[in-house]
Structure formats: C-alpha cells, structure tokens
Amino acid sequence: MPDITQIAAVHLKTGFKFSTYVKTTVPISSEAQKVICISVDDHGKMRVKSRSGDSVSIKASLHECMMWLAKFPRAIFVAHNGRRFDFPVLVSGLLNTHCFETFCNCVSSFVDSAGFQKSYPGQSHKQEDLVNVFSRQPAMPTVLLIMLKH
Numbered sequence: 161m162p163d164i165t166q167i168a169a170v171h172l173k174t175g176f177k178f179s180t181y182v183k184t185t186v187p188i189s190s191e192a193q194k195v196i197c198i199s200v201d202d203h204g205k206m207r208v209k210s211r212s213g214d215s216v217s218i219k220a221s222l223h224e225c226m227m228w229l230a231k232f233p234r235a236i237f238v239a240h241n242g243r244r245f246d247f248p249v250l251v252s253g254l255l256n257t258h259c260f261e262t263f264c265n266c267v268s269s270f271v272d273s274a275g276f277q278k279s280y281p282g283q284s285h286k287q288e289d290l291v292n293v294f295s296r297q298p299a300m301p302t303v304l305l306i307m308l309k310h
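The following block contains the structure:
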C-alpha cells in the first residue's frame, strides 16, 4: 500500500485551507514522482515541485487534520476515483496509526467524485467546480477534504 504524501482541506464558506506533507515510510516510485511532483532527496528531505518542503509523520499529519476538521461540522471527504485509491490508502493510514475512530467522528461521509462524470455528462468535473456547484445546495457540508497528492 503506498503512503499518503499530502493531506489538504478547504472550508467552503471562508476558503480557509489546511495542508500538510507527510514523511513517507516507503520509497515513492519514479512514475509516481512524475505524477504528483513530490520526491525525497538523498538526505530524506521532501521536495515538492523541486523545492524543499517540510513534512511530518502520518500520525502528526492526521492529528493536525482532525484538529482542523473539528472546527467544521459535517465534513465530507471527496476524492476522484477515491474508492479505488484514496479511500483505501487513507483508511490504511488511519488504522495503522489508531486514528480511524477519531477521524470518523470528524468526517460525516466519503464521496467518490468519479461518479459525477456519468451523472453530469458534458460538465466540468474538477473538484473546484464541483464545490462551486454543490456547495450552493442547502444539504451540503461546509468542508471539502481533498487528497491532492497520494
């Protein structure tokens, strides 16, 4: 199972953002490095788009994320193709750090945005656009948690 390399969240009403990079415990493949623009140098320092970036342990990253999410009720986790990749990777990280139950108290549901392509053909399916369209709905939560890099 690959490691999470970044966790990010956006509060829809205020635009407040959360982002943290995660120290990996397994090497990032060269193919993945090209896709996510994240690598680890010979000294163990994370590089994001060729610039040095700070990173913390997965447990610290998840804890910081949950502290941030606790400020906003009814958070929802959205990831494109989340059922196939993001959700299993996140759940694995949560279980390995014994944070699963606490995280579930912060997040009300998980949504795979890939399903929107079939339901809304001919429209933009970028997460930012989905937020703009669906955040206007009265039942939508106020937080969108996005796994930007995995």
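Residue 292 in the working numbering sits at position 132 of the sequence shown, and the numbers go up by one each step.
Positions of the beta carbon are idealized from the N, C-alpha and C atoms, including for glycine.
The structure presented is a predicted model; accordingly, all values stated were derived computationally and were not measured.
Residue i - DSSP class collapsed to helix/strand/coil
i: M161; result: coil
i: D272; result: strand
i: G213; result: strand
i: S284; result: coil
i: T302; result: Its pLDDT being 37, under 50, T302 is placed unreliably by the model, and the measurement read from it follows with that caveat. Correct three-state label for T302: coil.
i: I196; result: helix
i: V186; result: coil
i: A220; result: helix
i: F232; result: coil
i: F263; result: helix
Short Cβ contact (9 Å threshold) for residue i with residue j
i: L254; j: F260; result: yes
i: A192; j: H240; result: no
i: S212; j: K183; result: no
i: N265; j: I218; result: no
i: I196; j: R207; result: no
i: S221; j: I167; result: yes
i: I164; j: V271; result: no
i: S279; j: M161; result: no
C-alpha gap between residue i and residue j, whole angstroms
i: S269; j: G242; result: 12 Å
i: V238; j: L229; result: 14 Å
i: H171; j: V267; result: 13 Å
i: K173; j: F232; result: 11 Å
i: G282; j: I236; result: 25 Å
i: K194; j: H258; result: 31 Å
i: F327; j: G175; result: With the chain represented from 161 up to 310, any question about residue 327 goes unanswered, as that position is not in the structure.
Residues near residue i in its chain [Cβ-Cβ closer than 6 Å; skip 5 each side]
i: S189; result: none
i: R181; result: The sequence shown places Tyr at residue 181, not Arg. Cβ within range, chain order: Q166, M206, G213, S215.
Own chain partners of residue i with C-beta closer than 7 Å, once the 5 adjacent residues on each side are dropped
i: F263; result: L222, M226, L254
i: F178; result: A168, A169, C225, W228
i: G204; result: none
Sequence-distant residues of the same chain with beta carbon closer than 8 Å to residue i, five excluded per side
i: V200; result: T184, P187, I188, M206, R207
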